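Engineer:
Residue numbers (my numbering): 1058 to 1442.
1) Rounded to whole angstroms, what is the Cα-Cα separation between residue 1317 and residue 1415?
2) Are there 16 or more other CB atoms within 10 angstroms of the CB of residue 1295, so buried, or fewer, so exposed?
3) Would you please state the rounded distance, in angstroms, between the beta carbons of residue 1240 and residue 1264? I believe it to be under 8 Å.
4) Does DSSP put residue 1263 in a helix, in a strand, or in coil?
5) Counting pairs of Cβ atoms below 8 Å between the stretch 1147 to 1163 and the stretch 1298 to 1316, do you hit three or more?
6) So for residue 1276, helix, strand or coil by DSSP?
7) Can you name the residues that DSSP bridges to residue 1414?
8) Counting only runs of 4+ residues fully inside the stretch 1284 to 1369, write out the alpha helix (DSSP H) ranges in chain order.
9) In terms of alpha-carbon separation, which member of 1292, 1277 and 1278 lies closest to residue 1284?
10) With distances taken Cα to Cα, identify the nearest neighbour of residue 1220 among 1190, 1244 and 1381.
11) Hey, could you find the ends of the alpha helix (DSSP H) residue 1405 is sitting in?
12) Provide the residue span of the beta strand (DSSP E) that contains residue 1155, from first to last.
13) Who are the near neighbours of residue 1105 in its chain, counting only those whose CB is closer than 7 Å to its CB and skipping five residues on each side?
14) DSSP on residue 1434, reduced to helix/strand/coil?
15) Who are the Cβ neighbours of residue 1229 in its own chain at under 6 Å, not counting the five residues just before and after it?
16) Can you tell me whether residue 1069 is buried or exposed? The criterion is at least 16 other CB atoms within 10 Å of its CB, across all chains shown.
17) Would you call the stretch 1421 to 1433 and the stretch 1071 to 1087 in contact, with 3 or more CB pairs under 8 Å?
18) Looking at the unbroken alpha helix (DSSP H) that takes in residue 1086, where does it start and where does it end?
19) Taking C-alpha atoms, which residue in 1152, 1343, 1375 and 1319 lies nearest to residue 1202?
20) If contact is defined by three or more beta carbon pairs under 8 Å, each pair taking one atom from either stretch, is the stretch 1257 to 1275 in contact with the stretch 1328 to 1339?
21) Do residue 1359 and residue 1197 have their CB atoms nearer than 9 Å?
22) Please name the residue, chosen from 1120, 1246 and 1357, that lies closest to residue 1331 on a Cα-to-Cα basis.
23) Taking the beta carbon of residue 1420 as the centre, do at least 16 other beta carbons fall within 10 Å, making it buried, or is it exposed?
24) Would you identify the three-state DSSP class for residue 1211, choosing helix, strand or coil?
25) Tell me the DSSP secondary structure of residue 1246 in three-state form.
26) Could you check what DSSP says for residue 1381 in three-state terms: helix, strand or coil?
27) Inspect the beta-carbon positions of residue 1181 and residue 1418 and report whether they are closer than 9 Å.
28) Below 8 Å on the Cβ atoms is my contact criterion, and I expect residue 1374 with residue 1434 to pass it. Report the Cβ-Cβ distance as a whole number of Å.
29) I believe residue 1075 touches residue 1266 by the beta-carbon criterion, under 8 Å. Please report the beta-carbon distance rounded to the nearest angstrom.
30) Check the C-beta distance from residue 1130 over to residue 1236 and give it rounded, since I have them as a contact under 8 Å.
31) Under 9 Å, do residue 1169 and residue 1207 count as touching if we go by C-beta distance?
32) For chain C, find out if any of its Cβ atoms is closer than 9 Å to the Cβ of residue 1377; answer yes or no.
33) Among all the DSSP beta bridges, which residues are the ones paired with residue 1217?
34) Which of helix, strand or coil does DSSP assign to residue 1258?
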């Protein structure tokens, strides 16, 4: 995919370029079929309303859900907030939430805010040095009683994939609601909303070749959330506001394409990622691969170069190669990654950590050039030390 930038883009976990086929559909609903989906008195409204229904169906089909379970939001952050802040209080003013300590900041910061207001009691789940979840500890907590389990489908930094199906079994066994942030995983790995016992599933368009500012929350049938936004009673009263028809049509089209192309795309992405990994391991002594290598996203390559500050690498490559030192949600923050701290990565490896993420538009030539650019940058920094 061509870009106005000459640099190589390998930051697909931060955001993806819009698939040109998705962009075409978005433009159609921005320029020609621009009606308000709530305007029921004319054909412009009818066209928009039909587009919303089709998009909900496309999203539901990718995620093994019913179209009626789809609520459109501005993205996974809003979807997550809607669940955590809108969860019905069954027994007391406080909700008891078990949360993954390396979950996205959208989950963790909301949990902390609720705890400060005495609206939630937060319990952190146990993980190992690869970010893998201790299921026995989760079950012990479930036995003691929880209102909500929150575990992401795949980590946005180290790429570790979580056993969502097994977590769903525990949640159902103890009648606990289960929130899954699937923003990094949707369209990359299979997700079975109904079959796996998930109660709430959050996705973002811009992680799967759709526009930014559009997402969805899948809410299990017969479950209700207190709204964060009032006005007009749209979307079963849970999320009012004029629907972003171009955005949600784009999300629907992206989901349709992911369903058709996911297996082939992710297989090719993994081959490119593995090739880059081999090249870097051969050319950079002491390089460490972080996360669960046996169960990670196809495009994820999270590396550390001991005693080589990641900022020194970024300074040398930023105009040639787009990679990151951590999650986009905390980029620019001086604090070390909460993910790397939680998995007890040694300080020298935390300071040398780089997140590389490959996507469907990455070419073999870009992979080869990226390996050379990174190797040269490491060599330059080592010469100065």
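C-beta: ideal position from N, C-alpha, C; glycine also.
Owing to the predicted nature of the structure, the values given are computational and were not obtained by experimental measurement.
Structural biologist: Working from what's here:
1) Computed Cα separation, rounded: 19 Å.
2) Answer is buried; the Cβ neighbour count reaches 16.
3) With a contact defined as Cβ atoms closer than 8 Å, residue 1240 and residue 1264 qualify at about 5 Å.
4) Helix, per DSSP.
5) By the criterion of at least three beta-carbon pairs nearer than 8 Å, the stretch 1147 to 1163 is not in contact with the stretch 1298 to 1316.
6) Residue 1276 falls in the strand class under three-state DSSP.
7) DSSP, once it has assigned bridges, lists 1068 and 1357 as partnering residue 1414.
8) Counting only runs of 4 or more, we get 1302 to 1340.
9) For residue 1284, the nearest C-alpha among the options comes from 1292.
10) Scanning 1190, 1244 and 1381 for the CA closest to the CA of residue 1220 turns up 1190.
11) Annotation for residue 1405: the continuous alpha helix (DSSP H) segment containing it runs 1404 to 1408.
12) For residue 1155, the enclosing beta strand (DSSP E) stretches over residues 1152 to 1156.
13) Sequence-distant Cβ neighbours of residue 1105 in its own chain, meaning closer than 7 Å and more than five residues away, are 1090, 1092, 1093, 1094 and 1302.
14) Residue state, collapsed to three classes: helix.
15) Non-local C-beta neighbours of residue 1229 in its own chain, meaning closer than 6 Å and more than five positions away in sequence, comprise 1254, ordered along the chain.
16) With 16 or more other Cβ atoms from the protein chains shown falling within 10 Å of its own Cβ, residue 1069 counts as buried.
17) Here the stretch 1421 to 1433 makes no contact with the stretch 1071 to 1087; the two share fewer than three CB pairs at distances below 8 Å.
18) 1077 to 1088 is the span of the alpha helix (DSSP H), which, as asked, contains residue 1086.
19) Per the Cα distances, 1152.
20) No: fewer than three Cβ pairs fall under 8 Å.
21) The Cβ atoms of residue 1359 and residue 1197 lie no closer than 9 Å to each other.
22) Comparing Cα-Cα distances from residue 1331 to each of 1120, 1246 and 1357, the minimum goes to 1357.
23) Counting Cβ neighbours within 10 Å, residue 1420 comes out exposed, since fewer than 16 surround it.
24) The three-state reading of DSSP puts residue 1211 in strand, counting E and B together.
25) Residue 1246 falls in the coil class under three-state DSSP.
26) Residue state, collapsed to three classes: strand.
27) Not in contact: residue 1181 and residue 1418 (Cβ atoms no closer than 9 Å).
28) Right, the Cβ-Cβ distance comes to about 5 Å (below 8 Å), so this counts as a contact.
29) Distance from residue 1075 to residue 1266 at the Cβ level is roughly 6 Å; contact confirmed, criterion being Cβ atoms closer than 8 Å.
30) Contact between residue 1130 and residue 1236 is ruled out by a C-beta separation of about 14 Å, above the 8 Å threshold.
31) It is not a contact, given that the beta carbons lie outside the stated cut-off.
32) Among the chains of the structure shown, chain C does not appear; only one protein chain is present.
33) Looking at the DSSP assignment, residue 1217 forms a beta bridge with 1353.
34) In the structure shown, the three-state DSSP call for residue 1258 is strand.
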